[in-house]
Amino acid sequence: MEKRLPRFWKLIVSLIFLLFFVSLQARVKAIWVPFWELTSTQKIDKVVEDADDNDINQLIVQVRYRGDALYIPNKNNNIFFNPETRNYTIEDDFDALQYVLDKAHEEKIDVLAWLTTYVVTPHDLEKLPSQHIYYKHPEWITRDFVGNEMAVNSYEGAFWDPGLPQVQEYLFNIVGDIVSNYKDLDGIQLDYLRYPDLQFGYNELSRQIYKKEVEAQDAESWLAWKQTQISNLVSRIYNQVKTINEDILVTAAVVSDLQKAKITYAQNWPEWLQDGYLDFAYPMVYSPSTGKVNLELNMYKNLGLNRKIVVGLRAWHNSHDYKVEQINRKLKIARKMHFAGAALYSYTGIKGHDYFNGLKF
């Protein structure tokens, strides 16, 4: 008995160490990679090399920027209708998504396809080909409360109206096409799953649908209806993705401020996690202030959803007073609160300001 006891405790200690090691390995360490970093094999090779050298285990690569494609639409099948035109920065025959998948998987790095959703134009329409979906369906653009169409040079570009069934079906098909044709994909990340602001959503057809579906029409029911439009799309996409391949993660980049997310943008992302139709949320906690980041992370902690939240942190600056040490402090806070991991925006910012030198992910 005396000899067995030390062996027993050695086994316990070994198991604890193993569980701790597995936990460290499982923690998400991601970077967002904008589309302009994916326009050639040379650029992608450098992205993957930097990720591997710096212990990054997940790349979130932007392959749908503004209603366009850095992948091949209907590549192997046309089960889901996808008329998206190619992004203006790449050659027609270059499949950026497949190339990054192949290169990243060689280094055991996961890849999420980052897909912007409702925002459909850049500020400069000259970058869009005449066949772009914006020109085919100008009636899908959202309007403000006095009926003005959202301008392409406002906010992040012109948004589609989430209250339109045609828009929802179109986006559903885009995601379905990508997931069904890129079977080695590790996940998708939906971005701009929201209204552009509180004043938008007044497309005439959307208003007609709301009035038909809702009897007690007031500000509260209008907000609830808008939230439902976004949530319904997320739910549909989640169920379809899992039907195609249950191993593909469905994630979303979301507004960090919980109140603004729900009220200003009709983005009730905690509900998506609680109801089980989102695997992970990536709140974009981009404040340079460590104190503000700490405050927001404590709010998420109170939701009890830490293991489903990957904290998005700022990794760029507009001046030279945002040091890598500030990023490291925020990463340390996220680790201490036991979130699923952290993601840094963006690869361009990290590379441009030499943050890899000194970064403690």
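According to my numbering, the sequence shown is numbered sequentially starting from 20. Beta carbons are placed, not taken as given, at the ideal position from N, Cα and C, and that holds for glycine. Fair warning: this is a prediction, and the values are worked out from it, not measured in the lab.
Near residue i, which residues of its chain fall below 6 angstroms by C-beta distance, leaving aside the five closest residues on each side in sequence?
{"i": "residue 368", "result": "334 and 335"}
{"i": "residue 82", "result": "89, 90, 116 and 132"}
{"i": "residue 372", "result": "none"}
{"i": "residue 381", "result": "One cannot answer for residue 381 here, as it falls past the ends of the chain, which runs 20 to 380."}
{"i": "residue 353", "result": "330 and 361"}
Under DSSP, the alpha helix (DSSP H) around residue i begins and ends at which residues?
{"i": "residue 282", "result": "277 to 282"}
{"i": "residue 184", "result": "184 to 200"}
{"i": "residue 65", "result": "60 to 72"}
{"i": "residue 292", "result": "288 to 293"}
List the whole-angstrom C-beta distance separating residue i from residue j, where the pair is believed to meet the contact cut-off of C-beta under 8 angstroms.
{"i": "residue 148", "j": "residue 104", "result": "5 angstroms"}
{"i": "residue 4", "j": "residue 380", "result": "Outside the shown range of the chain, which is 20 to 380, sits residue 4, and nothing can be said about it."}
{"i": "residue 92", "j": "residue 101", "result": "4 angstroms"}
{"i": "residue 119", "j": "residue 204", "result": "Not quite, the Cβ-Cβ distance comes to about 10 angstroms (not below 8 angstroms), so this is no contact."}
Within the same chain, show all residues whose beta-carbon is closer than 7 angstroms to that of residue i, passing over the 5 residues directly before and after it, in chain order.
{"i": "residue 136", "result": "190, 209, 210, 211 and 212"}
{"i": "residue 264", "result": "198 and 202"}
{"i": "residue 283", "result": "216 and 217"}
{"i": "residue 95", "result": "200"}
{"i": "residue 248", "result": "181 and 182"}
Residue i lies in the beta strand (DSSP E); which residues open and close that run?
{"i": "residue 360", "result": "360 to 364"}
{"i": "residue 83", "result": "77 to 83"}
{"i": "residue 92", "result": "Element bounds for residue 92: n/a, residue is neither H nor E."}
{"i": "residue 300", "result": "299 to 304"}
{"i": "residue 50", "result": "47 to 52"}
Among the residues of its own chain, which have a CB less than 8 angstroms from the CB of residue i, if the five just before and after it don't count?
{"i": "residue 245", "result": "181, 182, 214, 220 and 285"}
{"i": "residue 98", "result": "195, 196 and 199"}
{"i": "residue 169", "result": "160, 161, 162, 163, 177, 178, 215 and 219"}
Stretch pair the stretch 88 to 97 + the stretch 155 to 167: three plus CB contacts closer than 8 angstroms:
Counting Cβ pairs under 8 angstroms, fewer than three are found: no touch.
Contact between the stretch 296 to 312 and the stretch 260 to 276 (3+ Cβ pairs under 8 angstroms)
Yes: at least three Cβ pairs fall under 8 angstroms.
May I have a chain-ordered list of the alpha helix (DSSP H) segments no shorter than 4 residues that lie completely inside the stretch 306 to 351?
Segments of the alpha helix (DSSP H) lying fully in the stretch 306 to 351: 309 to 322.
Only counting runs of 4 or more residues, tell me where the alpha helix (DSSP H) segments fall wholly within the stretch 211 to 278, in order along the chain.
Within the stretch 211 to 278, the complete alpha helix (DSSP H) runs of at least 4 residues are 223 to 232 and 238 to 263.
Take every Cβ of the stretch 220 to 236, pair it with every Cβ of the stretch 174 to 190, and state whether three or more of those distances are shorter than 8 angstroms.
Between the stretch 220 to 236 and the stretch 174 to 190 there are three or more inter-stretch CB-CB distances shorter than 8 angstroms, so the stretches are counted as touching.
Ordered list of beta strand (DSSP E) runs contained in the stretch 122 to 172, each at least 3 residues
Counting whole runs of 3 or more residues, the stretch 122 to 172 contains the beta strand (DSSP E) stretches 129 to 135.
The stretch 49 to 68 / the stretch 160 to 175 touching (three or more Cβ pairs under 8 angstroms)
No, because fewer than three Cβ pairs between the stretch 49 to 68 and the stretch 160 to 175 fall closer than 8 angstroms, the two stretches do not touch.
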